[in-house]
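Q: Just passing along the structure, written as structure tokens.
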Amino acid sequence: MIGVVTPIDLRSDTVTKPDEEMRRAMAAAEVGDDVLDHDPTMAALEQRVAGLLGVEAALWVPSGSMGNLIALFLHLARGDRFLAPLGAHVLDAELGTAAWLAGGMPHALPSLTPEAVVAAGGGESPYYGLRTTLLSLENTHNASGGTVTSVAEHEALVAAARSIGLAVHLDGARLWNASVALGVPLSSLTAGVDTVQVCLSKALGAPVGSVVAGSASFVVEARRVRKMLGGGVRQGGVLAAAGLVALDRIPRLADDHAHASELAAGLRSLGWDVAEPATNIVLASVPDLDKTLLSLGEAGVLASPMSGKVRFVTHGDVSSSDVAEVLRRVREGV
Ligand SMILES: *Cc1c(COP(=O)(O)O)cnc(C)c1O
């Protein structure tokens, strides 16, 4: 190989690095001991996120997986069945913790519709039948390519769950992207849910952190479970400060979505089979996934496998000219 190309990293929106502004905010953060009492910057972040999501209270957690686990742990009794869309992060990407720590019996819905929710979870069952108690939603839906659930669809799903007595959790790792793509407030996408989890460390660019949110009494219990799982941190304000800067960047996600569209259009013009992205995730169907990922890597384009396809994710460290460069590398090298 002649010369060394700097790879352009489209594996995930988690690869963003904290910039100067974020690092300065972290260095200057006012801190306390968040396990003993409340770290003031943590408290400020949690209050701001609760406000954005339109819920009573919120709790910072080190990862989205822990946020989802805490919610499922508190919703489910051992052996309770929960419904989630096929490919959901809670089903496939959390090492089975929904079952082996939260005690849930997972049930994937291949097509997430209100009718499917009622059909899977409703009806009388005999005393020896499974109990279904929870619907776990995901917006945007990662495995289907960052697809968005609209407010109307969300409301219909929540109503269906309620009609058969289910609680509702929302994995909103990328709920910010859904809100920007639809042009609606975050709170309209959490309407009617009991609990919600959002990630600060994906497209918003914080180095660490998610928030799990719901009622004030949920957060009291969630704080105990977080401690049980080893997720209580001391001078967490250093991390929360990055989260506060991250929240200022929600509108910037529109750029990521535009870049994803540019990438999809460019790949299509090179003959690739690519669905139009709804947000910042582009999925491409290829005949040989491993071979394509390898040759992309050799050409200096990092992507990842997802749902049997190539997944490219745009994010804050990728510009429009990076997208043009990706397309140039694909044209010449793949
Ligand atoms: C990334 C992600 C999470 C949580 O991920 P962590 O890596 O644990 O922070 C949860 N749900 C979805 C849909 C995700 O994409």
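The numbers in the sequence shown follow the numbering used here, run straight up by one, and end at 1666.
C-beta: ideal position from N, C-alpha, C; glycine also.
Source: prediction; values computed, not measured.
Given this structure, state the Cα-to-Cα distance separating Lys1641 from Val1450, to the nearest angstrom.
A: Answer to the nearest angstrom: the Cα atoms are 31 Å apart.
Q: Is there at least one non-hydrogen atom of ligand 1 closer than 7 Å to the beta-carbon of Ser1397?
A: Within the cutoff, so yes.
Q: Roughly how many angstroms separate the alpha carbons of Arg1356 and Pro1350, rounded to a whole number?
A: Approximately 10 Å, taken between the alpha carbons.
Q: Which residue from Leu1521, Glu1553, Asp1622 puts its Cα closest to that of Val1387?
A: For Val1387, the nearest C-alpha among the options comes from Leu1521.
Q: Where does Lys1641 fall in DSSP's three states?
A: Looking at Lys1641 - three-state DSSP - the assignment turns out to be strand.
Q: Which same chain residues, not among the five before or five after Asp1605, have their C-beta less than 6 Å away from its C-beta?
A: The answer, listed in chain order, is Ser1617.
Q: Keeping to the same chain, check which residues put their C-beta closer than 7 Å to that of Phe1405; ignore five residues upstream and five downstream.
A: Within the same chain, Phe1405 has close Cβ partners Leu1433, Ala1434, Val1557.
Q: Runs of 3 residues minimum, wholly inside the segment 1381-1414: which ones carry the beta strand (DSSP E) assignment?
A: Fully enclosed beta strand (DSSP E) runs of 3 or longer: 1389-1393.
Q: Does the Cβ of Arg1663 have 16 or more other Cβ atoms within 10 Å, making it buried, or fewer, making it exposed?
A: Looking at its Cβ environment, which holds fewer than 16 other Cβ atoms inside 10 Å, Arg1663 is exposed.
Q: Taking all protein chains shown into account, do 16 or more other C-beta atoms lie within 10 angstroms of the C-beta of Gln1529, making it buried, or fewer, making it exposed?
A: Buried, since its Cβ has 16 or more Cβ neighbours within 10 Å.
Q: Mark Arg1506 as exposed unless 16 or more other C-beta atoms lie within 10 angstroms of its C-beta, in which case mark it buried.
A: Classification for Arg1506: buried.
Q: Which residues does DSSP pair with Ser1468 in a beta bridge?
A: Bridge partners of Ser1468: His1501.
Q: Leaving aside the five residues before and after Val1552 along the sequence, list all residues of the same chain whose C-beta is less than 6 Å from its C-beta, in chain order.
A: Around Val1552: no qualifying Cβ.
Q: Please state whether the Cβ-Cβ distance between Gly1632 and Ile1340 is less than 8 Å.
A: Yes. Within cutoff.
Q: Rounded to whole angstroms, what is the Cα-Cα separation between Ser1456 and Ala1499?
A: A small correction: the amino acid at residue 1456 is Glu; Ser does not occupy that position in the sequence shown. Approximately 17 Å between the Cα atoms of the pair.
Q: Quick one: using the 10 Å Cβ neighbour count with 16 as the cut-off for buried, is Thr1338 buried or exposed?
A: Burial call: exposed.
Q: Please report the Cβ distance between Gly1665 and Ser1636, rounded to the nearest whole angstrom; I am assuming they are in contact, meaning their Cβ atoms lie under 8 Å.
A: That pair is no contact at about 18 Å.
Q: Taking C-alpha atoms, which residue in Ala1448, Ser1652, Pro1517, Met1638 lies nearest to Leu1384?
A: For the residues Ala1448, Ser1652, Pro1517, Met1638, the minimum Cα distance to Leu1384 belongs to Pro1517.
Q: Verify the contact flag: Arg1343, CB atom, against every heavy atom of ligand 1, threshold strictly below 7 Å.
A: No; taking the cut-off as 7 Å, the Cβ of Arg1343 has no heavy atom of ligand 1 nearer than that.
Q: Put Asp1341 into one of helix, strand or coil per three-state DSSP.
A: The answer is strand: DSSP assigns Asp1341 an E or B state.
Q: Would the segment 1405-1423 count as touching the segment 1576-1583 if we require 3 or more Cβ pairs under 8 Å?
A: Cβ pair count under 8 Å is below three, so no.
Q: Determine the direct distance from the alpha carbon of Ala1592 to that of Gly1541, and round the result to whole angstroms.
A: Roughly 24 Å separates the two Cα atoms.
Q: Decide if the segment 1395-1404 is in contact with the segment 1595-1610; the criterion is three or more beta carbon pairs, one per stretch, under 8 Å apart.
A: Counting Cβ pairs under 8 Å, fewer than three are found: no touch.
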